[in-house]
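Remarks on the structure that follows.
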Amino acid sequence: TLPAAEAPTGLPRATPPPVSQGGRRVLLVEDNQDAMETLRDLLELHGHEVAVAADGSEGVSQAHSYLPDVVLCDLGLPELDGFAVARALRSDPATQG
């Protein structure tokens, strides 16, 4: 057994991070629901507008309608993996930037 530690006293309260004024349009492509929700919440907390897709095909489709500034894409997606998503987005003039 280990002795119980005493609770620390006098610690400052945690404050939320400052919200960015220059938020970006972010497309998050992630098949793990927990990871997607956590990352989406973190990005929104920092002032970004976030759209999500659960697989690579949906991510490519979302990119064409949402036109994000940034795409964060899981590489290990089933069927259309992250590398194929990147190739598809880079080969299309609407999303290559």
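296 is the number of the first residue of the sequence shown in the numbering used here; add one for each residue after it.
Cβ atoms here follow ideal geometry from the backbone N, Cα and C, with glycine treated the same way.
Cβ distance (whole Å) where residue i is taken to contact residue j below 8 Å
i: Ala358; j: Thr390; result: 5 Å
i: Leu334; j: Glu344; result: Not quite, the Cβ-Cβ distance comes to about 14 Å (not below 8 Å), so this is no contact.
CB of residue i within 8 Å of CB of residue j, strictly
i: Gly383; j: Val355; result: Sequence check: residue 383 is Ala here, not Gly. Going by C-beta atoms, Ala383 is nearer than 8 Å to Val355.
i: Tyr361; j: Arg320; result: yes
i: Asp376; j: Leu367; result: no
i: Pro373; j: Asp350; result: yes
i: Pro363; j: Leu322; result: yes
Reduced DSSP category for residue i - H, G, I as helix; E, B as strand; rest coil
i: Arg335; result: helix
i: Leu297; result: coil
i: Glu353; result: helix
i: Ala389; result: coil
i: Ala346; result: strand
i: Arg382; result: helix
i: Leu340; result: helix
Length of the line joining the Cα atoms of residue i and residue j
i: Met331; j: Thr304; result: 35 Å
i: Thr296; j: Ala302; result: 18 Å
i: Val380; j: Ser352; result: 8 Å
i: Pro298; j: Leu340; result: 38 Å
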